[in-house]
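>
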Amino acid sequence: PTIYAITPTYSRLVQKAELLRLSQTFLHVKNFHWIVVEDSVTKTRLVGDLLTQSGLKFTHLNVETSSDYKLKQNDPSWLKPRGVEQRNLGLQWLRENRELSEEGVVYFADDDNTYSLQLFEEMRFTHQVSVWPVGLVGGLRFERPLVEKGKVVGFYTAWKPNRPFPMDMAGFAIALQLLLANREAKFDLLVERGYLESSLLQSLVSIEELEPKADNCSKILVWHTRTEKPKMKQEELLQKQGLGSDLSIEV
Ligand code: UGA
Ligand code: MN
27 PTIYAITPTY SRLVQKAELL RLSQTFLHVK NFHWIVVEDS VTKTRLVGDL LTQSGLKFTH
87 LNVETSSDYK LKQNDPSWLK PRGVEQRNLG LQWLRENREL SEEGVVYFAD DDNTYSLQLF
147 EEMRFTHQVS VWPVGLVGGL RFERPLVEKG KVVGFYTAWK PNRPFPMDMA GFAIALQLLL
207 ANREAKFDLL VERGYLESSL LQSLVSIEEL EPKADNCSKI LVWHTRTEKP KMKQEELLQK
267 QGLGSDLSIE V
């Protein structure tokens, strides 16, 4: 089966570094197709060049988050859901370009997380929806599905534990066939904070059907890392004096 990773991404100082790191992880994954969806009005040259030069099989898409749902410069990052319309466009692309007969698995790989190569081999054989722990998330060392006799019976999580699927985006993968058979299933922009993952999964599976991976969900193979926003104090000072750095040099 092919692994399709859908990555929403947006323009910011660390974007190239994030995407390069991700691409170099993915180069080690066999049978891999990267669907990169820019949160922008048009596809940028920075992302286009990076994808072309990556050596990966890829699809480059874009859709700008509608303004009502877009984070403003000084909004706290949790105010609005992020990457929703981009992931939905990735799902739409798969539905328009892939056949039910094709074997595949779909994973939502945010551009800032840290992924072990082993994770991809764990998810590759997913019948419906497979699940595993995510490190450094939800104010905990990790969150994870709780497994008894090979079945998911609940979740170790502290934040809003009554969510239908109290899991981070990085903690599950979905069989391509299941997504092609349920053509209406998508992420809901309007749900309360924390309910994004549930909004998709609810229409696809029940808890009992989840397929636990990573040694019955006892191994951490993905980390919800977040990259610090670089300070540009000196750059701004120099810019005011007309001595800003050469903008033709891409960072
Ligand atoms: C957490 C979850 O890990 C995300 O999967 C979930 O989308 C998010 O919360 C949410 O509740 O919406 P967090 O680390 O806070 O993630 O979010 P980011 O990593 O900042 O954003 C998730 C993805 O969306 C990233 O791939 C990012 O590049 C992309 N994004 C972010 C956009 O496409 N547009 C934006 O304006 C912001
Ligand atoms: Mn993130």
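To get the working numbering, take the position in the sequence shown, counting from 1, and add 26. Glycine included, C-beta positions come from ideal geometry on N, C-alpha and C.
#1: Just how far apart, CA to CA, sit Y141 and L120?
#2: In the DSSP assignment, the beta strand (DSSP E) including F181 goes from what residue to what residue?
#3: Check each residue's C-beta against every heavy atom of the ligand MN and list, in chain order, those closer than 7 Å.
#4: From the DSSP output, read off the bridge partner residues of R170.
#5: Looking only at its own chain, which residues have a Cβ that is under 6 Å from the Cβ of I246, when we skip the five neighbours before and after it?
#6: In the DSSP assignment, what are the bridge partners of H54?
#7: What are the start and end residues of the alpha helix (DSSP H) that includes F146?
#8: In terms of residues, what are the limits of the beta strand (DSSP E) holding T91?
#9: Take Q41 as the anchor and find which of L205, V132, D94, L77 has the nearest alpha-carbon.
#10: In the DSSP output, which residue or residues are listed as bridge partners for P34?
#11: Compute the minimum distance between the beta carbon of G109 and the heavy atoms of the ligand UGA, and state whether it is under 7 Å.
#12: What first and last residue would you give for the alpha helix (DSSP H) that runs through A135?
#13: Taking the C-alpha atoms as reference points, what is the distance between G180 and Y133?
#14: Given this structure, state the Cα-to-Cα distance separating L39 from E261, to the nearest angstrom.
#15: Assuming G278 contacts Y36 under a Cβ cut-off of 8 Å, what Cβ separation, rounded to an integer in Å, is found between them?
#16: Assuming V155 is part of the beta strand (DSSP E), what are its boundary residues?
#17: M193: beta carbon under 7 Å from a heavy atom of the ligand UGA?
#18: Since T253 contacts D138 with CB under 8 Å, what's their CB separation in whole angstroms?
#19: Taking E122 and L202 to be in contact with their CB atoms under 8 Å, please state how far apart those CB atoms are, rounded to whole angstroms.
Quick look at the numbers:
#1: Distance between the alpha carbons of Y141 and L120 is about 23 Å.
#2: Its beta strand (DSSP E) spans residues 177-182.
#3: Shown in chain order are the residues whose CB sits closer than 7 Å to a heavy atom of the ligand MN: D136, D138, N139, H250, R252.
#4: Y182, per the DSSP bridge assignment.
#5: For I246, where only same-chain residues beyond five positions count, the Cβ hits under 6 Å are P159, G161, F168.
#6: Partner residues in a beta bridge of H54, as assigned by DSSP, do not exist.
#7: 143-150 is the extent of the alpha helix (DSSP H) around F146.
#8: Premise fails: T91 is in no beta strand (DSSP E) and is neither H nor E.
#9: Of the residues L205, V132, D94, L77, the one whose Cα lies closest to the Cα of Q41 is L77.
#10: P34 has V63 as its beta-bridge partners, per DSSP.
#11: Flag set: Cβ of G109 near the ligand UGA.
#12: A135 -> no alpha helix (DSSP H), and no H or E assigned at all.
#13: When rounded, the separation of the alpha-carbon atoms in G180 and Y133 is 22 Å.
#14: In this model, L39 and E261 are separated by some 12 Å (Cα to Cα).
#15: Beyond the ends of the chain as shown, which are 27 and 277, falls residue 278; an answer cannot be given.
#16: 155-157 is the span of the beta strand (DSSP E), which, as asked, contains V155.
#17: Flag unset: Cβ of M193 not near the ligand UGA.
#18: Contact annotation, T253 with D138: C-beta distance approximately 5 Å; criterion of less than 8 Å satisfied.
#19: Between the beta-carbon of E122 and that of L202 there is about 13 Å, and that puts the pair past the 8 Å contact cut.
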